[in-house]
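Remarks on the structure that follows.
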Amino acid sequence: MTRFFLKFILIFLLALPSIANATQQKILLIGDSLSAGYGLEQAQAWVDLLQNKYDEQQANITIINTAISGQTTDNALLKVDQWLKVHQPSHVLIELGGNDGIRGFPVKLLQKHLTELVHKSQQAGAKVALMEIQIPPNLGNRYRNMFIKSYQSVAQNTGAYLMPYFMLEVAVNPELMLKDNLHPNAKAQPIIRDFMYREINTWLTNS
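Count the sequence shown with mature numbering (1 follows the signal peptide of the UniProt record, and there is no 0) and you get residues -22 to -1, 1 to 185, in order.
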């Protein structure tokens, strides 16, 4: 009887990693054209490339991509309740604000919208990461600095995980950008995938 019990315990302990890996992790990605694969075939975009990598590793991680080209924070607020209800994600990654910044939206309004997106996601039971979007200094360094600091402020006030911007390495290299100099091309997508693979894994580990 004792030998049978010990054998059972051993089998159970060996199975623990499999049980842990079986936990479903659904990441709702709320983003704009940078995550929607603007100008590319969907299979070329970083989100699809990353999902393929997770699938190859048999990681129980699903990315639900709701990114829409041109999406602003106020656009997303009109849809987020429905997305959360339908998909019931365990995690939400917010990659938004670039279009707000390009259009010169007031920084206080950006902060308000981002805060609401985070709170709605948290109230739905999801853990939230907020990507720290950066914009060129077209509207002046003062606006740009206030814009970037908004993400730090929202993360600090809401407890959201602050994720670094995935375009910093790509945007400075013309060979990795489309002719509009705003969107990453197909060559940039594996670079973004690898960056996001590291950052998302760090987030999931620490959340």
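Quick reminder that beta carbons are idealized off the backbone N, C-alpha and C, glycines included.
Please read these numbers as outputs of a predicted model, since none were measured by experiment.
Per DSSP, the continuous beta strand (DSSP E) segment holding I39 begins and ends at 39 to 43. Where K90 is concerned, the enclosing alpha helix (DSSP H) starts and stops at 85 to 101.
Taking a 10 Å sphere around the C-beta of D10, we find 16 or more other C-beta atoms and assign the residue as buried. DSSP places L146 outside any beta strand (DSSP E); the residue lies instead in the alpha helix (DSSP H), whose first and last residues are 146 to 149. DSSP, reduced to helix, strand and coil, places P162 within a strand of the structure shown.
With 16 or more other Cβ atoms from the protein chains shown falling within 10 Å of its own Cβ, E110 counts as buried. Your pair T44 and L7 checks out as a contact, with CB atoms roughly 6 Å apart and the cut at 8 Å. Q3 is bridged by DSSP to I39. Under DSSP, the beta-bridge partners assigned to M109 are M141. The secondary-structure analysis by DSSP pairs G9 across a beta bridge with E73. For Q60, the number of other beta carbons within 10 angstroms of its own is below 16, and it is reported as exposed. Going by DSSP, A54 is part of the alpha helix (DSSP H) stretching over 51 to 65.
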